[in-house]
Amino acid sequence: MSKMLISGGNGFLGSYLCEKALDNDFEVTVVDNLSTSKERQVPKEATFVKKPIEKFNTNTRFDFVIHLAARPSPEDYIKNPLSTIDSNDIGTRNMLEIARKSGATFMYTSTSEVYGDPKILPIPETYFGYVNPNGIRSCYDESKRFSEALIKAYERQYGLDVRIQRPFNVYGPRIREDGFYGRVIPRFIDQALRNKSITVHGDGKQTRSFLYVSDWVDATWKFLMNNRAKGKVLNIGNYREISILELAELIINKTSSRSKIVHLQSREEDPKRRAADITQVRKILKWEPKISLDRGLEYTINWLKEKKNL
Ligand SMILES: NC(=O)c1ccc[n+]([C@@H]2O[C@H](COP(=O)([O-])OP(=O)(O)OC[C@H]3O[C@@H](n4cnc5c(N)ncnc54)[C@H](O)[C@@H]3O)[C@@H](O)[C@H]2O)c1
4 MSKMLISGGN
14 GFLGSYLCEK
24 ALDNDFEVTV
34 VDNLSTSKER
44 QVPKEATFVK
54 KPIEKFNTNT
64 RFDFVIHLAA
74 RPSPEDYIKN
84 PLSTIDSNDI
94 GTRNMLEIAR
104 KSGATFMYTS
114 TSEVYGDPKI
124 LPIPETYFGY
134 VNPNGIRSCY
144 DESKRFSEAL
154 IKAYERQYGL
164 DVRIQRPFNV
174 YGPRIREDGF
184 YGRVIPRFID
194 QALRNKSITV
204 HGDGKQTRSF
214 LYVSDWVDAT
224 WKFLMNNRAK
234 GKVLNIGNYR
244 EISILELAEL
254 IINKTSSRSK
264 IVHLQSREED
274 PKRRAADITQ
284 VRKILKWEPK
294 ISLDRGLEYT
304 INWLKEKKNL
């Protein structure tokens with residue numbers, strides 16, 4: 004039986020990856036300190052270790068080591084800059100060492116944030132980014148960039164099989180929706196279902212491209228299992244670019260809400276546009292996003308309605 008170690012496996016994306024690995028008869032171990040995920044989401048068939056990834060030691064040899072542990076929500080990481088950095092320097096180094104000793108395939112979930120406020124769109128993997136190295140967001144985006152450098156150093160020095168993905172705004176059921184952890188889609192849906200004001204930062208003309216979670220799982224699995232993907236850095240996202248204002252209107256419409264849009268102060272260093280160039284992932288993995296934003300929003304609305312009894 005193949006063994007997979009997943010850091011951050013209790014989180015939104017990690018919990019789906021655990022299920023996928025278990026469905027494929029993998030033995031799964033999750034290490035998660037529950038810093039950004041609240042309730043346990045790791046399936047009971049997986050081994051769960053509650054620990055910061057920086058402090059995890061093991062003698063087990065794994066076939067796959069997947070490093071997802073991070074604090075990805077801006078409101079949260081801005082309040083916790085040092086532990087945000089730790090998961091991407093000490094944490095990444097620790098996971099790389101486990102992979103090296105095991106001779107495992109190593110995968111890292113970097114982020115589209117490594118591109119900062121991009122000057123070319125849609126953004127190809129070859130774009131080096133436009134990032135403030137010491138700005139308010141640097142604890143997240145610069146430490147993700149550092150992780151990528153560390154991972155490539157392990158590949159160059161030890162010949163480790165490494166794969167780096169850069170997800171662009173993934174959403175769907177299980178995404179954390181409460182308080183300041185809430186990302187834009189679950190926050191707008193929650194506000195719309197309660198007929199409360201939809202809070203848009205700035206003028207709402209900033210754009211993002213959103214990917215439904217089942218498409219992310221599909222791409223990630225293909226990326227892990229395809230040997231042509233060894234050493235690659237791939238954007239995992241959707242080509243559809245939508246403004247935050249359009250997104251708010253779409254959600255109001257889909258929930259038949261009486262909510263009105265209100266504008267809050269712009270977020271500091273909020274990227275103005277974000278759209279994924281997915282030429283590479285399409286070519287190498289023969290992968291294509293299948294779930295449209297309309298359908299994905301409907302699934303997410305139904306999930307939140309049920310979860311919150313709205
Ligand atoms: N969801 C997205 O749209 C998106 C986009 C780009 C990149 N990513 C990356 O994908 C990964 C997973 O994101 P997610 O959306 O599932 O977030 P999430 O917050 O739901 O999951 C992250 C998990 O990591 C755990 N964690 C955080 N720091 C840890 C540490 N030091 N030690 C052990 N566990 C720790 C948290 O408790 C949580 O369970 C992250 O690396 C994130 O940066 C996600």
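Heads up, the sequence shown is in this note's numbering, so the first residue is 4 and it goes up one at a time.
Beta carbons: idealized from backbone N, C-alpha and C, even for Gly.
The model shown is predicted, which means the values in this text are computed figures rather than measured ones.
Alpha-carbon spacing of residue i relative to residue j, whole angstroms
i, j, result
"SER260", "PRO121", "34 Å"
"ILE245", "VAL203", "14 Å"
"LEU267", "ASN229", "44 Å"
"TYR130", "GLU252", "32 Å"
"LEU296", "ILE281", "16 Å"
"GLY138", "TRP306", "36 Å"
"GLY14", "PHE51", "12 Å"
"ASP181", "ASN36", "19 Å"
"PHE65", "LEU99", "12 Å"
"LYS104", "SER90", "20 Å"
"SER150", "PRO75", "14 Å"
"SER212", "LEU124", "11 Å"
"LEU8", "VAL31", "6 Å"
"ILE88", "TYR111", "15 Å"
"ILE126", "LYS54", "35 Å"
"LYS6", "VAL216", "23 Å"
"ASP218", "TYR174", "10 Å"
"ARG190", "GLN160", "44 Å"
"THR108", "THR95", "14 Å"
"SER113", "ARG169", "5 Å"
"THR61", "ASN97", "10 Å"
"ILE287", "ARG231", "7 Å"
"ILE93", "LEU163", "18 Å"
"GLN209", "GLN194", "20 Å"
"LYS308", "LEU196", "8 Å"
"ARG333", "ASP26", "Shown here, the chain extends from 4 to 313; a query on residue 333 therefore has no answer."
"ALA222", "ARG298", "18 Å"
"GLU22", "VAL45", "8 Å"
Residue range of the unbroken beta strand (DSSP E) whose run includes residue i
i, result
"LEU313", "Looking at the DSSP string, LEU313 is not in any beta strand (DSSP E), and its letter there is neither H nor E."
"VAL68", "67-70"
"ILE239", "236-239"
"ILE264", "264-267"
Residues bridged to residue i [DSSP beta-bridge criterion]
i, result
"LEU214", "VAL173"
"VAL134", "Looking at the DSSP assignment, VAL134 forms no beta bridge with any residue, so it has no partner."
"SER10", "VAL34, HIS70"
"ASN198", "DSSP lists no partner for ASN198."
"SER246", "THR210"
"THR50", "THR32"
"THR112", "GLN168"
"ILE126", "ALA279"
"GLY205", "In the DSSP output, where bridge partners are listed per residue, GLY205 has none listed."
"GLY299", "None, per the DSSP bridge assignment."
Integer-rounded CB distance, given that residue j should sit under 8 Å from residue i
i, j, result
"ILE254", "LEU300", "7 Å"
"ILE101", "VAL68", "6 Å"
"ASP144", "VAL187", "Contact flag wrong, Cβ pair sits at about 17 Å."
"ILE201", "ILE264", "5 Å"
"VAL304", "THR258", "According to the sequence displayed, residue 304 carries Ile and not Val. So it is a contact: roughly 6 Å between Cβ atoms."
"ILE167", "ILE154", "6 Å"
"TYR302", "PRO176", "7 Å"
"PHE59", "VAL33", "The pair is not a contact, with the Cβ atoms about 11 Å apart (cut-off 8 Å)."
"LEU237", "GLN283", "6 Å"
"GLY11", "LEU71", "4 Å"
"ALA279", "PHE171", "4 Å"
"SER38", "SER115", "No, SER38 and SER115 are not in contact; Cβ-Cβ is about 22 Å, not under 8 Å."
"PRO77", "CYS142", "10 Å between Cβ atoms; not a contact."
"ASP273", "GLY205", "7 Å"
Start and end residues, alpha helix (DSSP H) containing residue i
i, result
"GLN97", "Note on identity: in this sequence residue 97 is Asn, with Gln being the wrong assignment. Residues 93-105."
"LYS155", "141-161"
"ALA24", "15-26"
"PRO77", "77-82"
Test: residue i CB closer than 8 Å to a CB of chain D
i, result
"ARG74", "Absent from the structure is chain D; it holds one protein chain and no more."
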